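Numbered according to the working numbering, the sequence shown terminates at residue 173, and the numbering increases by one at each position without gaps.
Each residue gets a CB set at the ideal place from its N, CA and C atoms; glycine is no exception.
Please read all numbers here as calculations on a predicted model, not as lab measurements.
This report concerns only the one structure given below.
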Amino acid sequence: FSFPFRYRLSRKLVLLAPFVLYVATFVLCIFWLQFPLLNKLFSSRFRINAGSIQALTPINVLVGYKMPPDTPLDSAFLAQLFKGGIVSVFLFLSVYVKGCVRMRLHDLRLFFPFIISLVVSGFAEDTFANANLSTILFYKILIDQFEFKNLRSRYIFRPSGAAESSKEIHYA
Numbered sequence: 002f003s004f005p006f007r008y009r010l011s012r013k014l015v016l017l018a019p020f021v022l023y024v025a026t027f028v029l030c031i032f033w034l035q036f037p038l039l040n041k042l043f044s045s046r047f048r049i050n051a052g053s054i055q056a057l058t059p060i061n062v063l064v065g066y067k068m069p070p071d072t073p074l075d076s077a078f079l080a081q082l083f084k085g086g087i088v089s090v091f092l093f094l095s096v097y098v099k100g101c102v103r104m105r106l107h108d109l110r111l112f113f114p115f116i117i118s119l120v121v122s123g124f125a126e127d128t129f130a131n132a133n134l135s136t137i138l139f140y141k142i143l144i145d146q147f148e149f150k151n152l153r154s155r156y157i158f159r160p161s162g163a164a165e166s167s168k169e170i171h172y173a
């Protein structure tokens, strides 16, 4: 295979992974009776999460809902939906897709294993829905691909023309 082919293939894999895993999570939770071996392999997570999905109301789907404290939730995809609703899911997917699309070839080759492993582990564990070191690095990698125009001049102090010569700093 030539490298451009692998590059396109790996970029597509990175882009499609969360969408496929979101759909797989919901399909397996809704139809867990048809997949008893998978349900058993994943410690009955699909059966447990099916009840939580059935309890969602339309407003809960939009803004999220508080899970009972004794309910285990081991899927980052479901945790994101339950904690922040479809709005949170949409924000995650938009940051994820824009970050991956804008990622340079060199960065994609460096971070491909980390990004894919975190997204795939989100299928069975609550990895990127909670604040921990790997989640912070994950979002940092994605957000570093964004260009924030005029951020420095608007939100960070900068010396004015007169202050530069006299070494004084004025806040804009």
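(request) Less than 8 Å between the CB atoms is what I'm expecting for Phe-139 and Leu-119, so what's the real figure, rounded? (result) One-based indexing of the sequence shown puts residue 139 at position 138. One-based indexing of the sequence shown puts residue 119 at position 118. With a Cβ gap of about 5 Å, Phe-139 and Leu-119 count as contacting.
(message) I need the DSSP call for Arg-105, collapsed to helix, strand or coil.
(response) Within the sequence shown, residue 105 is the residue found at index 104, counting from 1. Arg-105: coil per DSSP, three-state reduction.
(request) Could you check what DSSP says for Gln-146 in three-state terms: helix, strand or coil? (result) Indexing the sequence shown from 1 puts residue 146 at position 145. Gln-146 falls in the coil class under three-state DSSP.
(request) Let me know the secondary structure DSSP gives Ser-89 once reduced to three states. (result) For this step, residue 89 is matched to residue 88 along the sequence shown. Residue state, collapsed to three classes: helix.
(request) Determine the direct distance from the alpha carbon of Gly-85 to that of Leu-63, and round the result to whole angstroms. (result) On the sequence shown, residue 63 is found 62 positions in, with the first residue counted as 1. On the sequence shown, residue 85 is found 84 positions in, with the first residue counted as 1. Taking the straight line joining both Cα atoms gives about 8 Å.
(request) Would you mind working out which of Leu-16, Ala-130 and Leu-10 sits nearest Gly-100, comparing C-alpha positions? (result) Start at 1 with the first residue of the sequence shown, and residue 100 comes out as number 99. For the residues Leu-16, Ala-130 and Leu-10, the minimum Cα distance to Gly-100 belongs to Leu-16.
(message) Just to confirm before moving on: does the CB-CB distance between Ala-80 and Ala-130 stay below 7 Å?
(response) Walking along the sequence shown from the start, residue 80 turns up at place 79. Walking along the sequence shown from the start, residue 130 turns up at place 129. Contact flag set, yes.
(message) Tell me the DSSP secondary structure of Pro-37 in three-state form.
(response) Counting from 1 along the sequence shown, the entry for residue 37 is found at position 36. Pro-37: helix per DSSP, three-state reduction.
(message) Can you give me the C-alpha to C-alpha distance between Thr-26 and Phe-115, rounded to a whole angstrom?
(response) By one-based count along the sequence shown, residue 26 stands at place 25. By one-based count along the sequence shown, residue 115 stands at place 114. C-alpha separation (whole angstroms): 21 Å.
(request) Taking 7 Å as the cut-off, decide whether the C-beta atoms of Trp-33 and Phe-47 are in contact. (result) Position 32 of the sequence shown, counting from 1, holds the residue named residue 33. Position 46 of the sequence shown, counting from 1, holds the residue named residue 47. Going by C-beta atoms, Trp-33 is nearer than 7 Å to Phe-47.
(message) Are there any heavy atoms of the ligand HEM lying less than 6 Å away from the beta-carbon of Leu-119, as far as the coordinates show?
(response) With respect to small molecules bound, the structure shown includes none, and the ligand HEM cannot be examined in it.
(request) Taking Phe-112 and Ile-142 to be in contact with their CB atoms under 8 Å, please state how far apart those CB atoms are, rounded to whole angstroms. (result) Here residue 112 refers to the residue found at position 111 of the sequence shown. Here residue 142 refers to the residue found at position 141 of the sequence shown. Correct: roughly 5 Å between the Cβ atoms.
(message) Alpha carbons only, please: which of Arg-103, Asp-108 and Gly-65 is nearest the one belonging to Pro-88?
(response) The sequence position of residue 88 within the sequence shown is 87, counting from 1. Note that residue 88 corresponds to Val in the displayed sequence, not to Pro. Taking only the C-alpha atoms, the option nearest Val-88 is Gly-65.
(message) So the candidates are Ile-60, Pro-59 and Phe-83; which of them puts its Cα closest to the Cα of Pro-70?
(response) Taking the first residue of the sequence shown as position 1, residue 70 is located at position 69. It is Phe-83 whose Cα lies nearest to the Cα of Pro-70.
(request) Alpha carbon to alpha carbon, how far is Leu-106 from Phe-78? Give it in angstroms, no decimals. (result) Mapped onto the sequence shown, residue 78 falls at position 77. Mapped onto the sequence shown, residue 106 falls at position 105. Distance between the alpha carbons of Phe-78 and Leu-106: 27 Å.
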